[in-house]
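Per this note's numbering, the sequence shown starts with residue 679, numbered consecutively. Glycine included, C-beta positions come from ideal geometry on N, C-alpha and C.
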Amino acid sequence: MNRDQFEKYSRQILFAGVGESGQERLLASSAVLVGCGALGTVAANLLVRAGLGRLRVIDRDFVEASNLQRQSLFEEADARESLPKAVAAERRLRAINSGVQVEGVVADLTPTNARELVASYPLILDGTDNFETRLLLNDAAISLGVPWIYAAAVGSYGVTLTIRPGETVCLACLLEGDEKSGAALGAEATCDTAGVLNSAVSVIASIQATEALKILAGKPEALHGRLISCDVWAGRFQSVRAERNPRCRACVRREFDYLEGEAQPHITMCGRDSVQIHERSRKFDLGDLGRRLATSPSADVRNNRFLLRFRVPPYEMTVFADGRAIVKGTTDPAVARSLYARYLGA
Ligand SMILES: [Zn+2]
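This is the structure we're talking about:
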C-alpha cells in the first residue's frame, strides 16, 4: 500500500476488523456483481469506495427515469440517453475511485454464459431481480465452488444471505426444500407490482457489501452465517440460522438444472408490462438494423452505440447487439415472439 492509499482508506484501516492487512487483501481482491439495479448500484458504490481491486459489473438493462429513485449510481442524463446500466455504472464508479479496475459488461446471464462470466472471480454478488436468474447464479457458484451473496428487496422489506458452497445453506436448500422459508422474497411480488423503498434497498445492499468486505479482506471468521431480513417501514429486523437441506439438489446432489436445459430462446418477464426475448444464436448489427427499420414511416427509430429502440404502436422494442430484445407493452410471450419474428427475423 502506498502513502496515498493509506490516507485514502485510513478510516477503514483504523477499524480493527479490517486493519492494514485487511485493506492490503482488499486492494488485491476482485468480485463480480450480477445485476446493477437498485441493490447492485448501492453495493458497487460501497465496495468501490472501500477499495477492492477489481469489479466486474454485469447488467442486461438500460437506465430509465423510474430507476433514479433508488439506483444510486445513475443520473437523469443516463436515463435520457438510455445508457446501458453496465456502461453508466462503469463510468460513474471509475470517477468515484480511479484506483479500482471497473469493467461493465452488457449481457444477460444465461445458462450458456453464466459460468464463463463469473468464473475467475472469488466472490459473486447478487444484484438480480428474479428467482430464475438467482437459481442459475446459485448453480454456477456451487458448481465453481465460489461464495455468493444473495440479496433481494421489495416494498419496505429486504433479505440477504451469504452462501459458501459446501459450508452453508444454499439458495436451492431454502427455496426447493421441504420447508419453504421466508427467503423466497419476491417470488410473487416484484418491485414493478409492489414498489420498493430506496431505504429498504440501501439497508440490505449495505449488509451485503459488509459481508463482501469480510470475504475480500480475508476475514471469513467474521461472517455471521445468518439469513438477515428487515422491514424498514415496520421497524422489524430478523436474523435466523438457516439449515442445509441434506437432500439439496444443488449443494448436495450437484444437479445443476438451471445450468442445463438450454434448447429454446429464453423468454422472461422483464418488469411490469415487458417481455424479454433472448435468441442466443443471433447477433445484430444495430447500424444495419436501424437503416432497415428507418424505411418504415411509423417506426420512430432511435439508437445509441449500445441499443436500438423503435415503436410499433402500442409496443416499443429495444434491441441489443447480443440478440436480445425487450418488448414493452405486453406481458404475453406469444405477442413478443411474433413481434420479434416480424421485425428482427425468425
Ligand atoms: Zn443447497
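Residue i - partner residues in DSSP beta bridges
i: K1006; result: S952 and E994
i: C908; result: G836 and F915
i: G782; result: V735
i: P789; result: Note: P789 sits in no beta bridge, so no partner.
i: V712; result: I736 and D804
i: I827; result: L803 and T840
i: V647; result: Residue 647 cannot be examined here, being either before or after the span of the chain that is shown, 679 to 1024.
i: D980; result: With the sequence shown as reference, residue 980 is identified as Arg, and Asp is not the correct amino acid for it. BP columns for R980 point to R987.
i: I691; result: According to DSSP, which records beta bridges pairwise, I691 is partnered with nothing at all.
Nearest-angstrom beta carbon gap, residue j and residue i [assumed within contact, 8 Å]
i: L711; j: G805; result: 5 Å
i: A785; j: N791; result: 7 Å
i: V765; j: F998; result: V765 to F998, Cβ: 12 Å. No contact.
i: I885; j: T811; result: Actually they do not touch by this definition, with Cβ atoms about 21 Å apart.
i: G700; j: A831; result: G700 to A831, Cβ: 28 Å. No contact.
i: G1064; j: Q779; result: Past the boundaries of the shown model lies residue 1064; the chain is included only from 679 to 1024, so the question cannot be answered.
Cβ-heavy atom distance, residue i to ligand 1, below 7 Å
i: V778; result: no
i: C848; result: yes
i: V930; result: yes
i: N775; result: no
i: R812; result: no
i: R842; result: no
i: R922; result: yes
i: C714; result: no
i: C926; result: yes
Residue environment, residue i, which counts as buried when at least 16 other CB atoms sit within 10 Å
i: F684; result: exposed
i: T973; result: exposed
i: G729; result: buried
i: A1012; result: exposed
i: D1010; result: exposed
i: P800; result: exposed
i: R1020; result: exposed
i: G695; result: exposed
i: L692; result: exposed
i: E628; result: Coverage of the chain is limited to positions 679 through 1024, which leaves residue 628 absent and any answer about it impossible.
i: F740; result: buried
i: R1002; result: buried
i: S776; result: exposed
i: K961; result: exposed
*Curious, which full-length alpha helix (DSSP H) runs of at least 4 residues does the region 739-770 contain?*
754-758
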